[in-house]
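As structure tokens, the structure follows; a few thoughts come after it.
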Amino acid sequence: MAHRYDAVVIGGGHNGLTAAAYLARAGRTVLVLERRHVLGGAAVTEEVFPGFRFSEFSYVVSLLRPEIIRELNLPSHGLEILPLDGTITPLDDDHLWRVNDHGKTIRELRRWSKSDAEAYEEYGQLMVDMARFIKPILSVVPPDPGTMNPFDWTPLVPLAKSFRNLSPRLQSTFVQLMTMSATDFLRQWFETDPLIATMSASGIIGTYQGIQSPGTAYVLLHHYMGEIDGAFRAWGVPKGGTGGISEAIGSAARALGAEIRMEAPVARIDVRNGRATGVTLESGEEIEADVVLSSLDSNWTFVKLMDPVHLDDDFLREVKRYKYRGSSGKVNLALDGLPELACKPGKGEWLRGAISFSPGVDYMERAYDEAKYGMFSSRPYVDMIIPTLVDPSMAPPGKHIVSCFVQYAPYHLADGRVWDDQMRERFGETVIDTLEERFPKIRDHILHKQFLTPLDIEEMTGLTEGNIFQGELSLEQLFFNRPVPGWARYRTPIKDLWICGSAAHPGGGIMGAPGRLAALEVLKGSSRRAVA
Amino acid sequence: MMAQTRYDAIMIGGGHNGLVAAGYLAKAGRRVLVLERRDRVGGVLDTVELAPGVRAPGVAHTVGRLRASVVRDLGLTRHGFTPIEPAIRVFAPQPDGSALTLWADPVRTAQELRSRSTHDADAYPGFDRRVRSVASFLAYLNAATPPDVKHLTFADLLTGLRAGRAFRDLGKKAARETTRVLPMAVADLVAESFETDAVRGAIASRAVLYAAMGPWSAGTAFVLLSDSAGNDGGAAGQSTFARGGPGALAEALAEAARSFGAEIRTGAEVAQVLTEDHRAVGVALGSGEELRATAVISNADPKRTLTKLVDPVVLGPHLVWRAKNIRTPGVVSKVNLALSELPVFAGADDPDRLKGRILIAPSVDYVERAFDASKYGRISEEPFLEVTIPSLSDPSLAPEGTHVASVIVQWTPHALRDGDWKAEGKRVGDLVIDTLERYAPGFSKLVTATQVLTPVDLEAEYGLPQGHPLHAEPGLDQFFAWRPLLGHARYRFGIEGLYLCGSGAHPGGGVTGAPGANAVREILADLKKS
Numbered sequence: 000m001a002h003r004y005d006a007v008v009i010g011g012g013h014n015g016l017t018a019a020a021y022l023a024r025a026g027r028t029v030l031v032l033e034r035r036h037v038l039g040g041a042a043v044t045e046e047v048f049p050g051f052r053f054s055e056f057s058y059v060v061s062l063l064r065p066e067i068i069r070e071l072n073l074p075s076h077g078l079e080i081l082p083l084d085g086t087i088t089p090l091d092d093d094h095l096w097r098v099n100d101h102g103k104t105i106r107e108l109r110r111w112s113k114s115d116a117e118a119y120e121e122y123g124q125l126m127v128d129m130a131r132f133i134k135p136i137l138s139v140v141p142p143d144p145g146t147m148n149p150f151d152w153t154p155l156v157p158l159a160k161s162f163r164n165l166s167p168r169l170q171s172t173f174v175q176l177m178t179m180s181a182t183d184f185l186r187q188w189f190e191t192d193p194l195i196a197t198m199s200a201s202g203i204i205g206t207y208q209g210i211q212s213p214g215t216a217y218v219l220l221h222h223y224m225g226e227i228d229g230a231f232r233a234w235g236v237p238k239g240g241t242g243g244i245s246e247a248i249g250s251a252a253r254a255l256g257a258e259i260r261m262e263a264p265v266a267r268i269d270v271r272n273g274r275a276t277g278v279t280l281e282s283g284e285e286i287e288a289d290v291v292l293s294s295l296d297s298n299w300t301f302v303k304l305m306d307p308v309h310l311d312d313d314f315l316r317e318v319k320r321y322k323y324r325g326s327s328g329k330v331n332l333a334l335d336g337l338p339e340l341a342c343k344p345g346k347g348e349w350l351r352g353a354i355s356f357s358p359g360v361d362y363m364e365r366a367y368d369e370a371k372y373g374m375f376s377s378r379p380y381v382d383m384i385i386p387t388l389v390d391p392s393m394a395p396p397g398k399h400i401v402s403c404f405v406q407y408a409p410y411h412l413a414d415g416r417v418w419d420d421q422m423r424e425r426f427g428e429t430v431i432d433t434l435e436e437r438f439p440k441i442r443d444h445i446l447h448k449q450f451l452t453p454l455d456i457e458e459m460t461g462l463t464e465g466n467i468f469q470g471e472l473s474l475e476q477l478f479f480n481r482p483v484p485g486w487a488r489y490r491t492p493i494k495d496l497w498i499c500g501s502a503a504h505p506g507g508g509i510m511g512a513p514g515r516l517a518a519l520e521v522l523k524g525s526s527r528r529a530v531a
Numbered sequence: 000m001m002a003q004t005r006y007d008a009i010m011i012g013g014g015h016n017g018l019v020a021a022g023y024l025a026k027a028g029r030r031v032l033v034l035e036r037r038d039r040v041g042g043v044l045d046t047v048e049l050a051p052g053v054r055a056p057g058v059a060h061t062v063g064r065l066r067a068s069v070v071r072d073l074g075l076t077r078h079g080f081t082p083i084e085p086a087i088r089v090f091a092p093q094p095d096g097s098a099l100t101l102w103a104d105p106v107r108t109a110q111e112l113r114s115r116s117t118h119d120a121d122a123y124p125g126f127d128r129r130v131r132s133v134a135s136f137l138a139y140l141n142a143a144t145p146p147d148v149k150h151l152t153f154a155d156l157l158t159g160l161r162a163g164r165a166f167r168d169l170g171k172k173a174a175r176e177t178t179r180v181l182p183m184a185v186a187d188l189v190a191e192s193f194e195t196d197a198v199r200g201a202i203a204s205r206a207v208l209y210a211a212m213g214p215w216s217a218g219t220a221f222v223l224l225s226d227s228a229g230n231d232g233g234a235a236g237q238s239t240f241a242r243g244g245p246g247a248l249a250e251a252l253a254e255a256a257r258s259f260g261a262e263i264r265t266g267a268e269v270a271q272v273l274t275e276d277h278r279a280v281g282v283a284l285g286s287g288e289e290l291r292a293t294a295v296i297s298n299a300d301p302k303r304t305l306t307k308l309v310d311p312v313v314l315g316p317h318l319v320w321r322a323k324n325i326r327t328p329g330v331v332s333k334v335n336l337a338l339s340e341l342p343v344f345a346g347a348d349d350p351d352r353l354k355g356r357i358l359i360a361p362s363v364d365y366v367e368r369a370f371d372a373s374k375y376g377r378i379s380e381e382p383f384l385e386v387t388i389p390s391l392s393d394p395s396l397a398p399e400g401t402h403v404a405s406v407i408v409q410w411t412p413h414a415l416r417d418g419d420w421k422a423e424g425k426r427v428g429d430l431v432i433d434t435l436e437r438y439a440p441g442f443s444k445l446v447t448a449t450q451v452l453t454p455v456d457l458e459a460e461y462g463l464p465q466g467h468p469l470h471a472e473p474g475l476d477q478f479f480a481w482r483p484l485l486g487h488a489r490y491r492f493g494i495e496g497l498y499l500c501g502s503g504a505h506p507g508g509g510v511t512g513a514p515g516a517n518a519v520r521e522i523l524a525d526l527k528k529s
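In order, the protein sequences belong to chains A and B. Under numbering that gives the first Met the number 0, the first residue of the first sequence carries the number 0, and numbering increases by one thereafter. Under numbering that gives the first Met the number 0, the first residue of the second sequence carries the number 0, and numbering increases by one thereafter.
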């Protein structure tokens, strides 16, 4: 029997759940509808092989907003972040190993370059100061650049003020971060090739850009956000995998009174005279609600789940023009033992952090160049972690799991190639070959392999073109252009339909900010449309 | 007590922007001295003797971006500047033997496109309009002095309002469009409108000319639109020549400046900017001669100005560090060829089709691959070329029946990974000839003389940093309020009394005269105070 809700949320990803929790917290009746049998969207933990549980897609966390952890009291719902200490970059017969212990890292850098070691301190402090300034932007509702209503710009006034009060040095650093390539930016301080390549790598995660592409510097900041939050170090893995975060937020939402229904795929967003009135499930069941929040990307929300007659052509054109271009794949391995690095044998703590396959700028750039012309990298950038070293519960005793984030694996392959089973196999084996160059015996340890192409990611999580951020984080798709120019305020041309996923500002990553900000906007009660 | 005359302003370098600024200052009744290191003024606006009776553009070969108000205010036509504006803007031969022509008239272009793709033919006029509307907004910005982010003044607010109004005049949709488009990669911009490689390549390549960026680099859309700002370039871009070669425009600028009373000295290299208690008070020449002025204006590039000409102690370590980090990746070589007769390009039914810019840029991927090589310090075997044959519209440049071709070659990185430029120079010349041979069979047999200017030569001959013709990379990180450096983008540069008026300042490189004209506005304001 059709039951009426104050709000129905499409999609049980971390943002959908966060939005639901905040609405429930404000006393609204909320229903979350999740297509799959597991909660979390791209932040899920699944037992892919008997006894081996994987953070199947998204695998580390650093950006989860502390206010969400606090306001939803997530620790009491089982959220526990286990720190990943440091990053090691294996090389032919050497390595570069940076850890959270600053002194140790400086000593390591001194092996490579005295000036880099000195610059590292200065750079770190500069970025922390910078992150302190940037943070507020993450919780500002972007204005519509088309509007000349000064009221819409007021959220930016404090930002403009605080920018003017920054030291000239921070001002120019901010401008550079917003416009430069990660590599050009870092070269102002550093000369060590593996250091520049490894630090730059964070700038291209999930993008269809190279580390020397303008606009990739900004992401370098994210690594320092965690630092200033003080809640935990820059990077960590949730206990029980990234699904642990989704479970915790889901449990918080339930505790606050939200309903969550699994395996309840939405077929259509119901619209009557320009107003969203609810959703219809694939089962045919109709669910009415005062407001509908979609945590899906714009392609799903406006193209797949809505009758085009409800939208004007300009808007639809913008939606269809929006770039996704997934560029990354995932390789998950189950091992019967711990592999050892050729360049640094043993089973020490250097294996407990990130293992970054980014030996140099040229290596990274070549990986990108191959993808640019429509083929996966023959020697990709791989961000590898061994979660079982910090969370043994993920595998049977003595056994291990390995998570490899792989770039580049372009969604669109050129020259008639397609992502079929053979291509997936070639891709996966290429990644293992890449690992084998640094972990010579790793193949002997492999019990099971899971290869995930951008197409697999799209089919399993629904992320269009397998883009992990629900839309490429390119400069022209940020802030007030996210997810559609002029519609960055979580509102949509359809009254009472709201966007609350990574597609919305401030974008992707396990951050929860879009879900929280959207819910707060909804609660303001205003469904004022940005006048189109 | 100074022996010799004291000037209101001394100009370091007689490039086109220096001459424009000197002209305006003299016209305003100021005592101006221009000091040029070379034996003639003009900088990259240069005409060189390639062979007896054959004259070629030294570096830049088109001048269509020159600001109309500069031509008017300085009376350049009166002083011998005669622009030649062919109806053809672009001729782009394709590997399949066909060719694409972009005309000054978008309608005519669309008509011809129809045989290639009705989709692109239909899209072209609309794309041309979009370029012009965004470019019209950029023209406002280019004419303005960037705001002072530290302390916004009333004047800045007025500028902001003017820009704001220009922004609003675009209309809501266009305003949204502008904010979306400017940071884009030009490859994405053209792909949104056009389906054929030929059209995409021909239009996108203009956005990467002189730049160390490929069409897939973010921000290149801005370069394309900015190139069309303040001129009638539109989607095709301009292809205007100066009769007698670019040097003739330089001469006209010099004549205009002199007619207003400016002094110009050639063969006078400035070795140092003189300072007294952290203020620029004059310059010292290589000869040791010292000259005094209230305003010292640098037409040299910003990096050289701060790191070579000014005492680092006066600037302080942080500013010196920032100046050293101004990005000037030179990637351009210039090749001039004397031709015994007009080459025959496949797809050119009528020689007039060669009167504009001839582009070897058959697709976005072709151009991007040519750029890729430079990232690894190499030169692509399939370079991107912009060729002009100015003798077609100006027979005075070469003996009867013969011609001269001017070629801009990319990408040829100043920092070669292996091999050095002494050896590579000839290779670049051969590479250009071999490449053109593919599109104009028999081309190589027509070549009677070759001149190659590598990035290293451009640096030595014209003082361009790493041979970068734009003085500083036109990236999003070095434009408007942060060109060349945030806090030093208002033409007052580094220390009190020192000014920057060249391509390294807003609105950047190209033969526009805009940085020079903008700088004068600020310099005169300061001179009035002093």
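We put the beta carbon where it would ideally sit given N, CA and C, even for glycine. Values in this document were obtained by computation on a predicted structure and should not be read as measured data.
- [ ] Using a Cβ cut-off of 8 Å (strictly closer), state whether L485 of chain B contacts chain C.
- [x] Note that chain C does not occur in the displayed structure, where the protein chains are A and B.
TODO: Hey, could you find the ends of the beta strand (DSSP E) F48 of chain A is sitting in?
DONE: Boundaries of the beta strand (DSSP E) around F48 of chain A: 44 to 48.
Open item on the list: Would the segment 227 to 240 of chain B count as touching the segment 33 to 52 of chain B if we require 3 or more Cβ pairs under 8 Å?
Closed with: Contact check between the segment 227 to 240 of chain B and the segment 33 to 52 of chain B: fewer than three CB pairs, one atom from each, fall below 8 Å, which does not count as touching.
Open item on the list: Would you say H467 of chain B lies against chain A (beta-carbon separation less than 8 Å)?
Closed with: no
Task: Beta-carbon spacing of I80 of chain A, I509 of chain A below 8 Å - done: It is not a contact, given that the beta carbons lie outside the stated cut-off.
- [ ] Could you please give the first and the last residue of the uninterrupted beta strand (DSSP E) stretch that includes E190 of chain A?
- [x] Here E190 of chain A belongs to no beta strand (DSSP E), and DSSP marks it neither H nor E.
Open item on the list: Let me check you understand the geometry: is the CB of E262 of chain A closer than 7 Å to at least one non-hydrogen atom of the ligand GTP?
Closed with: Absent from the structure shown: the ligand GTP. Ligands present: none.
- [ ] Can you grab the Cα-Cα spacing for the pair L519 of chain A / D269 of chain A, in whole Å?
- [x] 23 Å
Task: Under the three-state DSSP convention, the category S54 of chain A falls into - done: strand
- [ ] Give the DSSP-derived three-state secondary structure of M179 of chain A in the structure shown.
- [x] In the structure shown, M179 of chain A sits in coil (DSSP, three-state: anything other than H, G, I, E or B).
TODO: For P316 of chain B, name the three-state secondary structure that DSSP assigns.
DONE: helix
TODO: Between the Cα of L125 of chain A and those of A:T28, A:F173, A:I286, A:I204, spot the shortest distance and give me the residue it belongs to.
DONE: When each option's Cα is compared against that of L125 of chain A, the closest is A:F173.
Open item on the list: Which residue wins for smallest C-alpha separation from F240 of chain B, given the options B:S373, B:T411, B:P82, B:E176?
Closed with: B:P82
TODO: Have a look at B:G28, B:P145, B:G41 and flag the residue whose alpha-carbon is nearest the alpha-carbon of G244 of chain B.
DONE: B:G41
TODO: Identify every run of the beta strand (DSSP E) within the segment 432 to 494 of chain B, keeping only runs that are complete inside it and at least 3 residues long; order them along the chain.
DONE: 446 to 452
- [ ] Let me know the secondary structure DSSP gives G34 of chain B once reduced to three states.
- [x] Looking at the sequence shown, residue 34 of chain B is not Gly but Leu. When secondary structure is reduced to three states using DSSP, L34 of chain B falls in the strand class.
Task: Contiguous beta strand (DSSP E) assignments of at least 3 residues, all confined to the segment 414 to 468 of chain A - done: The segment 414 to 468 of chain A contains, as complete beta strand (DSSP E) runs of 3+ residues, the segments 445 to 451 (chain order).
Open item on the list: Give the list of continuous alpha helix (DSSP H) stretches no shorter than 4 residues that lie fully inside the segment 280 to 331 of chain A.
Closed with: 312 to 320
TODO: Determine the DSSP secondary structure at W102 of chain B, reduced to helix, strand or coil.
DONE: strand
TODO: Determine the chain A residues that contact E254 of chain B at a beta-carbon separation under 8 Å, and present them in chain order.
DONE: Residues of chain A passing the Cβ test: none, with the nearest at roughly 40 Å.
TODO: Kindly indicate which residue of A:F56, A:N298, A:E190 has the alpha-carbon position closest to the one of P453 of chain A.
DONE: A:F56
TODO: Spatial neighbours of A299 of chain B within its chain, please: CB distance less than 6 Å, with the 5 preceding and 5 following residues excluded, ordered by chain position.
DONE: Same-chain partners within the cutoff: I11, G12.
TODO: Just tell me which of A:D420, A:I384, A:H411, A:P396 has its CA closest to the CA of C403 of chain A.
DONE: A:I384
Open item on the list: Is there a Cβ of chain A sitting closer than 8 Å to that of Y375 of chain B, yes or no?
Closed with: yes
Open item on the list: If you reduce the DSSP assignment to three classes, tell me which class I378 of chain B lands in.
Closed with: For I378 of chain B, the secondary structure class from DSSP, reduced to helix, strand or coil, is coil.
Task: Best match in B:G355, B:G233, B:L499 for proximity to A21 of chain B [C-alpha to C-alpha] - done: Comparing Cα positions, the closest option is B:L499.
TODO: Mind reading off the beta-carbon distance from L32 of chain A to Y4 of chain A? Whole number of angstroms is fine, and I expect it under 8 Å.
DONE: About 10 Å separates the beta carbons of L32 of chain A and Y4 of chain A, which is beyond the 8 Å limit, so they are not a contact pair.
Task: Any C-beta of chain B under 8 Å from that of S171 of chain A - done: yes
- [ ] Quick one: grab the DSSP three-state call for G22 of chain B.
- [x] helix
- [ ] Quick one: residues in its chain with C-beta nearer than 6 Å to the C-beta of A138 of chain B, no 5 flanking neighbours on either side, listed in chain order?
- [x] A228, G229
Task: Cross-chain neighbours of W410 of chain B in chain A, by beta carbon under 7 Å - done: Chain A residues near W410 of chain B: none, gap ~13 Å exceeds 7 Å.
Task: Identity of the residue in A:D183, A:M393, A:V330, A:G242 nearest L475 of chain B by Cα - done: A:D183
Task: L178 of chain B at chain A interface by Cβ criterion, 8 Å - done: With the sequence shown as reference, residue 178 of chain B is identified as Thr, and Leu is not the correct amino acid for it. Yes - at least one Cβ of chain A is within 8 Å of the one on T178 of chain B.
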